[in-house]
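Okay, structure first, notes after.
Protein chains: 2
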Amino acid sequence: MEKVAVIGIGLTKFGELWESSFSQLFVEAGTKAIEDAGIDGKDIDAIFVGNMSGGRFIEQEHISSLIADYAGLTPLPSTRVEAACASGGLAIRHGIMGILSGFYDIVVVGGVEKMTDVLTERTTQILATAAEQEWEANLGMTFPGLYAMMARRHMHKYGTTREQLAMVSVKNHRNAVHNPYAQFRFEISVDKVLNSPMVADPLRLLDCSPISDGAACIILASKEKAKEFVDNPIYIIGSGQASSSISLHGREKLTVMDSTVNAAREAYKRAKIEPKQIKVAEVHDCFTIAEILAIEGLGFFKVGEGGKATEEGETEIGGKVSVNTSGGLKAKGHPVGATGVAQAVEITLQLRGEAEKRQVDADFGLSHNVGGSGGTAVVHIFSK
Amino acid sequence: MEKVAVIGIGLTKFGELWESSFSQLFVEAGTKAIEDAGIDGKDIDAIFVGNMSGGRFIEQEHISSLIADYAGLTPLPSTRVEAACASGGLAIRHGIMGILSGFYDIVVVGGVEKMTDVLTERTTQILATAAEQEWEANLGMTFPGLYAMMARRHMHKYGTTREQLAMVSVKNHRNAVHNPYAQFRFEISVDKVLNSPMVADPLRLLDCSPISDGAACIILASKEKAKEFVDNPIYIIGSGQASSSISLHGREKLTVMDSTVNAAREAYKRAKIEPKQIKVAEVHDCFTIAEILAIEGLGFFKVGEGGKATEEGETEIGGKVSVNTSGGLKAKGHPVGATGVAQAVEITLQLRGEAEKRQVDADFGLSHNVGGSGGTAVVHIFSK
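Residue numbers (this note's numbering), protein chains in the order written: chain H, 350 to 733; chain Z, 350 to 733.
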């Protein structure tokens with residue numbers, strides 16, 4: 350594919366942001382991204398926004414119009430895309446298509462979710478709408494339960510240990526300490542994970558990403574247009590998207606997330622690079638097991654060896670591939686619609702050399718965003 | 350823009366389809382479209398689906414994955430787009446971009462909504478999520494109320510009469526008699542409209558489109574690929590999309606829907622044709638006043654003259670421009686996410702010469718889909 354440039358990035362802090370409304374969050378992230386790019390509203394051709402469930406979290410559908418309105422960007426075309434927690438990644442892909450189709454030169458791609466304005470029990474119910482109602486959610490399955498089954502099977506089949514799962518969380522918390530936008534900027538220990546309250550055996554509280562509010566935004570431009578505005582564009586050189594059975598029972602294996610494998614294959618092919626060339630990656634660690642499945646599915650490690658690689662420090666900053674330098678969903682926070690776009694923000698910072706104490710030496714970076722238990726996966730590959 | 354071909358179409362009946370699930374509806378429409386195009390699943394590259402509120406109507410988000418799964422089309426990329434009642438039109442636009450970006454050759458574009466599985470009061474609440482919660486819905490505004498204000502202002506400013514509004518409904522019911530997929534296949538009279546129960550003054554029950562279940566699907570292909578499969582492709586030669594203030598109070602005028610005007614301008618420009626060349630149009634008549642605003646905003650008639658044009662029969666089948674030959678939202682039914690795609694199905698039938706007793710002589714057709722009270726509008730222009 351022809352490459353597309355990231356010319357601006359913006360983030361809000363992630364966390365329990367009771368003082369900010371949904372509209373304020375995306376306007377904050379969007380304004381930062383527009384300022385970062387040094388563009389004006391009149392330079393923008395369209396808006397894409399990833400949002401999982403405005404309809405249920407804040408009783409507001411049609412947020413494409415709301416966003417254009419509050420950002421002062423009407424009458425620009427504004428589109429919401431949704432694939433549960435992969436909504437942000439999907440918004441990026443469709444922003445790219447908007448540019449490569451010739452319809453647009455510069456687009457704003459945002460992701461936003463306001464999750465803490467409802468009670469926690471209700472949040473769990475809302476998140477369960479990303480699983481199949483008929484065969485999973487209505488029978489009482491929630492996401493910790495679904496990922497717990499994947500974890501249990503991975504442990505059984507490959508000898509992945511409970512401690513290795515915990516090490517994912519420990520690493521991501523350690524990285525988040527240096528990320529000013531992260532929800533949890535403190536270190537934890539393996540012991541602390543193993544002694545945290547049980548959520549769905551074998552997953553404990555500190556294996557699970559939190560409920561968060563937040564927004565993220567990037568400005569995409571055609572490679573010709575990018576040069577008019579910035580000296581340091583980062584390019585998206587590959588994009589992949591795949592679907593899978595929405596329910597776990599429809600998958601061939603619990604230990605391989607085939608949507609990740611298929612999306613990664615497309616992205617590597619479009620980018621014309623190999624997994625081993627990726628030195629920094631933001632992957633979808635909604636639960637610790639999810640990061641293990643991700644680093645295997647993306648081809649960084651062989652299937653079954655993700656736990657061992659984590660234990661051996663290969664995913665630490667400066668390891669074979671630095672994974673979730675931002676703190677990941679676990680420690681940076683997981684406002685579901687924003688996550689995929691926030692991943693792109695971190696990779697852009699890394700490739701610009703602006704990641705400060707989290708900085709990695711990399712020519713290529715990757716973002717990996719999952720919807721539900723793997724019904725959707727989106728992968729993007731970035732280069733300097 | 351480069352033209353894109355419609356090579357297959359499929360519809361379910363619209364109505365209260367209690368015997369069909371959400372999944373069954375889109376599989377039925379999709380299967381018909383795939384058969385109509387004479388393609389196989391393996392020819393398809395991606396799925397786009399318009400759906401307004403699966404999250405609230407059937408407690409299911411992530412329907413992109415559900416649809417790929419139930420249609421047997423995993424691991425294809427599958428994307429839901431949403432802009433309230435304009436979701437279907439938006440799905441078409443993004444399917445076009447997917448093709449013109451070079452990512453895909455053939456895509457399935459569907460729209461689906463299952464609205465009758467919740468109580469009617471709840472449906473009204475859910476539909477109100479397309480309006481701004483903070484300034485409209487939370488204060489008790491519902492859609493009949495919003496459109497009633499537009500109607501009242503149009504009547505005051507231009508002398509549009511209560512009877513003229515009724516004539517929109519009478520015409521659309523007359524057209525629906527000949528549409529086997531329509532929800533209401535019976536004629537009504539102006540008297541009957543004027544004596545139907547008041548909903549929001551001046552709009553009465555028979556000014557309002559119904560609550561419906563249904564799905565629609567079209568298959569889009571690049572113009573090169575289309576020729577491999579069909580002899581009679583219909584082309585989409587123009588696409589326009591615009592946003593506006595989500596709330597009525599943010600608009601300059603109540604009597605001109607600026608999103609329609611802006612989306613139409615883009616579509617005509619891309620298609621390189623004039624409004625007067627359009628001989629058949631499906632427009633967004635969620636309420637009778639909406640059709641008047643549409644035919645003015647699309648440039649078929651001068652602002653303020655839509656009511657008179659309707660009274661004089663200029664929008665009847667065979668008139669200056671045949672509007673809503675399918676029966677429109679009013680009589681064909683309005684499963685919100687499906688509507689924009691169903692409009693494309695009708696225009697394709699017309700340009701193929703397959704509209705039977707509704708047939709119009711036309712070289713160009715147009716579809717016009719609105720989200721909310723006009724926060725989003727999408728326009729597509731079709732040619733033989």
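Note that CB positions come from ideal geometry on N, CA and C, so glycine has one too.
Item	Value
Closer than 8 angstroms to chain H by CB, L698 of chain Z	no
Contiguous alpha helix (DSSP H) assignments of at least 4 residues, all confined to the region 384-420 of chain H	403-406, 412-419
Simplified DSSP assignment, three categories, for A425 of chain H	Rather than Ala, the amino acid found at residue 425 of chain H in this sequence is Leu. Looking at L425 of chain H - three-state DSSP - the assignment turns out to be coil, as it is neither helix nor strand.
Residue from H:G721, H:Q590, H:T725 with nearest C-alpha to T491 of chain H	H:G721
Segment limits, beta strand (DSSP E) that includes L698 of chain H	It is not in any beta strand (DSSP E) - L698 of chain H instead sits in the alpha helix (DSSP H) that spans 685-701.
Any chain H beta carbon closer than 8 angstroms to M446 of chain Z	yes
Chain Z contacts made by the region 417-431 of chain H, where a contact means CB separation under 8 angstroms	A417, D418, L422, T423, P424, L425, P426, S427, T428, R429, V430, E431
Residue-level contact to chain Z via CB, E410 of chain H, 8 angstroms cutoff	yes
Near-chain H residues of the region 387-411 of chain Z - C-beta to any C-beta below 9 angstroms	A395, I396, N400, M401, S402, G403, G404, R405, I407, E408, Q409, E410, H411
Buried or exposed (CB count within 10 angstroms, at least 16 for buried), E368 of chain Z	exposed
Nearest-angstrom Cβ-Cβ length linking L715 of chain Z and L647 of chain Z, presumed shorter than 8 angstroms	7 angstroms
Check whether D580 of chain Z and S593 of chain Z have beta carbons under 8 angstroms apart	no
Beta-carbon separation (whole angstroms), M350 of chain H vs P684 of chain H, contact threshold 8 angstroms	Contact flag wrong, Cβ pair sits at about 29 angstroms.
Validate contact between the region 556-565 of chain H and the region 375-392 of chain H using beta carbons, cut 8 angstroms, 3 pairs	yes
Residue(s) in a DSSP beta bridge with Q590 of chain H	H:V727
Contact with chain Z by A433 of chain H, beta-carbon distance below 8 angstroms	yes
Any C-beta of chain Z under 8 angstroms from that of I595 of chain H	yes
Beta-carbon neighbours of L603 of chain H, restricted to chain Z and to distances below 8 angstroms	None at all; the shortest Cβ gap to chain Z is about 16 angstroms.
For H443 of chain Z, the three-state DSSP class (helix, strand or coil)	helix
Backbone CA spacing between T688 of chain H and L603 of chain Z [nearest angstrom]	38 angstroms
P713 of chain Z, enclosing beta strand (DSSP E) - first and last residue	The sequence shown places Phe at residue 713 of chain Z, not Pro. Where F713 of chain Z is concerned, the enclosing beta strand (DSSP E) stretches over 713-720.
Buried or exposed (CB count within 10 angstroms, at least 16 for buried), R471 of chain H	exposed
Collapsed DSSP secondary structure at F492 of chain H in the structure displayed	helix
Start-to-end residues for the beta strand (DSSP E) that takes in I641 of chain H	Not the beta strand (DSSP E): I641 of chain H falls in the alpha helix (DSSP H), residues 637-646.
Exposure label - T469 of chain Z; buried when at least 16 CB within 10 Å	exposed
Cutoff 6 angstroms; reference A479 of chain Z; Cβ partners in own chain excluding five residues on either side	A433, G721
Every unbroken beta strand (DSSP E) within the region 518-579 of chain Z, with a cutoff of 3 residues, ordered by chain	547-549, 563-571
Touch test, the region 660-677 of chain H against the region 526-534 of chain H, Cβ-Cβ under 8 angstroms, three pairs minimum	yes
Residues of the region 665-684 of chain Z with Cβ closer than 9 angstroms to any Cβ of chain H, in chain order	none
Contact under 8 angstroms by Cβ, A693 of chain H with V355 of chain H	yes
Contact with chain Z by G599 of chain H, beta-carbon distance below 8 angstroms	yes
Backbone secondary structure at S608 of chain H - three-state DSSP	helix
Residue-chain proximity (N611 of chain H, chain Z), Cβ-Cβ < 8 angstroms	yes
Under the three-state DSSP convention, the category V709 of chain Z falls into	coil
DSSP-derived helix/strand/coil call for V376 of chain Z	helix
Chain-ordered neighbours of L439 of chain Z on chain H, where CB pairs are closer than 7 angstroms	T428
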